[in-house]
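Enquirer: One structure follows; several queries about it will come next.
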Amino acid sequence: MAASARVAVFPKGFIHELSEGKMSLETWIELAGTLGADGLEMYPRFLASTEETYLKAVREACDRQGLAVPMMCASPDFTQPDPERRAREVDAMKRMIDVMAILGPDGFRSCRVLSGQRRSGVSREDGIDWTVACIRELLPYAAEKRVHLVMENHYKDGYWTAPEFAMPSDIFLDIVGRIESPWFGVNYDPSNAIVAGDDPLRLLERVRSRVLTMHASDRYLKAGRSMDDIREYRDQGYSDALEHGVIGRGMNDYDAIFRVLQEEKFRGWISIEDGVNGLEELRESVAFVRAGIGRYLT
Numbered sequence: 001m002a003a004s005a006r007v008a009v010f011p012k013g014f015i016h017e018l019s020e021g022k023m024s025l026e027t028w029i030e031l032a033g034t035l036g037a038d039g040l041e042m043y044p045r046f047l048a049s050t051e052e053t054y055l056k057a058v059r060e061a062c063d064r065q066g067l068a069v070p071m072m073c074a075s076p077d078f079t080q081p082d083p084e085r086r087a088r089e090v091d092a093m094k095r096m097i098d099v100m101a102i103l104g105p106d107g108f109r110s111c112r113v114l115s116g117q118r119r120s121g122v123s124r125e126d127g128i129d130w131t132v133a134c135i136r137e138l139l140p141y142a143a144e145k146r147v148h149l150v151m152e153n154h155y156k157d158g159y160w161t162a163p164e165f166a167m168p169s170d171i172f173l174d175i176v177g178r179i180e181s182p183w184f185g186v187n188y189d190p191s192n193a194i195v196a197g198d199d200p201l202r203l204l205e206r207v208r209s210r211v212l213t214m215h216a217s218d219r220y221l222k223a224g225r226s227m228d229d230i231r232e233y234r235d236q237g238y239s240d241a242l243e244h245g246v247i248g249r250g251m252n253d254y255d256a257i258f259r260v261l262q263e264e265k266f267r268g269w270i271s272i273e274d275g276v277n278g279l280e281e282l283r284e285s286v287a288f289v290r291a292g293i294g295r296y297l298t
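Under the UniProt record's numbering, the sequence shown has 225 at position 225, and the numbering climbs by one with no breaks.
So, in structure tokens, the structure goes:
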């Protein structure tokens, strides 16, 4: 176990530029090296290749900046009714596990799993059963490669057309509760709980012993807007009543979150999903989370 929790960064503000080749991964790695973080969280679309030679070059570029790559923000879509399509999603996830076996540090490396998109005609039980079956199929392979799979309470991948099937916490908790493995846990995201209309602390209490990694960001209600606006909007898309900002100044109670993690002796990675309003806010968020780690998670 690490001596303290550690800070990674995910370039929320540059996700489309990196995914579409408008910003090079090398440029982002160099920028990230100036932020005071310990590591980077990757996204499959950031990578130009999954060939070993390329991945080793990426890792070397991160090493030069003193950055580990402990997390992969993968977005498998397991709620597709066609079994062949689900099988392809499983195969794609195995490739991401292979990627993390090369990119990730020996001490800990993880790959996110999700349920998939909320499709009309897919029942609650079918969506849960398909997701659980796919994750269970992946776990022996993940164990062989020594990569942890982490299920996130998620809202929607930026390249999906529909929200997450398991966005409602009862579905998310049902899926997590059906899977027992030392190679499976939770990637807790308090801001996604807000978007889903849930209490972030209440959700954390339900999964506290399963949390292996965390996403950190903060949300702010725009002037004149209320939580009712979020609840009305969440089934159609990301609510325009919310905006991003520096962590610790918005709706999440990070002291309370850190206290729960402290009780669990959490020493994992906290990946900051920020930078929508520029690198300076991302830098401030890194400083805030690092200070919280110093108070609670060392």
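Idealized CB from N, CA, C, for every residue including glycine.
If we call anything under 8 Å between Cβ atoms a contact, is Ser271 one with Val9?
Expert: Result yes, Cβ atoms of Ser271 and Val9 sit closer than 8 Å.
Enquirer: For the region 27 to 34 against the region 161 to 174, do three or more pairs of beta-carbon atoms, one drawn from each stretch, fall closer than 8 Å, so that the two count as touching?
Expert: Contact fails: fewer than three Cβ-Cβ distances are below 8 Å.
Enquirer: Pick helix, strand or coil for Ile194, following the three-state DSSP scheme.
Expert: Helix.
Enquirer: Does DSSP put Asp38 in a helix, in a strand, or in coil?
Expert: Of the three classes helix, strand and coil, the one that applies to Asp38 here is coil, per DSSP.
Enquirer: For Glu280, which of Leu35, Ala5, Leu47 and Glu17 has the nearest alpha-carbon?
Expert: Residue Leu35 is the option with its Cα nearest to Glu280.
Enquirer: Can you tell me whether Lys265 is buried or exposed, with buried defined as 16 or more other CB within 10 angstroms of its CB?
Expert: With fewer than 16 other Cβ atoms within 10 Å, it is exposed.
Enquirer: How would you call Ser120, buried or exposed, if buried means at least 16 neighbouring beta carbons within 10 angstroms?
Expert: Ser120 is exposed by the Cβ-count criterion.
Enquirer: In chain order, which continuous runs of the beta strand (DSSP E) of length 3 or greater are located wholly inside the region 114 to 156?
Expert: Those beta strand (DSSP E) runs which fall completely within the region 114 to 156 and span 3+ residues are 148 to 152.
Enquirer: With three or more beta-carbon pairs closer than 8 Å as the criterion, would you say the region 209 to 224 touches the region 177 to 194?
Expert: As far as the Cβ criterion goes, the region 209 to 224 touches the region 177 to 194, which means the pair count is three or higher.
Enquirer: Within this structure, are the beta carbons of Val286 and His244 separated by less than 8 Å?
Expert: Their beta carbons are not under 8 Å apart, which means Val286 does not touch His244 by this criterion.
Enquirer: Pairs of beta-carbons, one from the region 59 to 75 and one from the region 104 to 114, closer than 8 Å: are there three or more?
Expert: With the cut-off at 8 Å, the region 59 to 75 and the region 104 to 114 touch.
Enquirer: Where Gly185 and Ala5 are concerned, what is the direct C-alpha to C-alpha distance, given to the nearest angstrom?
Expert: Taking the straight line from one Cα to the other gives about 16 Å.
Enquirer: Please go through the region 45 to 126 and give each complete beta strand (DSSP E) segment of 3 or more residues, from N-terminal end onward.
Expert: Entirely contained in the region 45 to 126, the beta strand (DSSP E) runs reaching 3 residues are, in chain order, 68 to 72 and 110 to 113.
Enquirer: Mapping DSSP to helix, strand and coil, what is Arg178?
Expert: Three-state DSSP puts Arg178 in coil, outside helix and strand.
Enquirer: Determine the burial state of His154: buried for a count of at least 16 other Cβ atoms within 10 Å of its Cβ, exposed for fewer.
Expert: His154 should be labelled buried.
Enquirer: What does DSSP give as the partner residues of Trp269 in its beta bridges?
Expert: Arg6 and Thr213, per the DSSP bridge assignment.
Enquirer: In whole angstroms, give me the CA-to-CA distance for Phe46 and Ile15.
Expert: Computed Cα separation, rounded: 8 Å.
Enquirer: May I ask you to list the residues that DSSP assigns as paired with Asp189?
Expert: Answer is none; Asp189 lacks a bridge partner.
Enquirer: Starting from Arg208, trace the alpha helix (DSSP H) in both directions and tell me its first and last residue.
Expert: No alpha helix (DSSP H) holds Arg208; DSSP gives it neither H nor E.
Enquirer: Lys56: buried (16+ other C-beta within 10 angstroms of its C-beta) or exposed?
Expert: Exposed.
Enquirer: Quick one: what does DSSP say Pro11 is sitting in, helix, strand or coil?
Expert: Of the three classes helix, strand and coil, the one that applies to Pro11 here is strand, per DSSP.
Enquirer: With three or more beta-carbon pairs closer than 8 Å as the criterion, would you say the region 146 to 161 touches the region 120 to 130?
Expert: No, the region 146 to 161 does not touch the region 120 to 130.
Enquirer: Would you say the region 75 to 82 touches the region 49 to 65, given that touching needs at least three Cβ pairs under 8 Å?
Expert: With a cut-off of 8 Å, the region 49 to 65 and the region 75 to 82 do not count as touching, because too few Cβ pairs lie within range.
Enquirer: What does the Cβ neighbour count give for residue 311, buried or exposed, with the cut at 16 atoms within 10 Å?
Expert: Because the chain here runs from 1 to 298, residue 311 falls outside it and cannot be looked at.
Enquirer: Out of curiosity, what's the CA-to-CA distance linking Gly39 and Ala32?
Expert: The alpha-carbon atoms of Gly39 and Ala32 are separated by roughly 9 Å.
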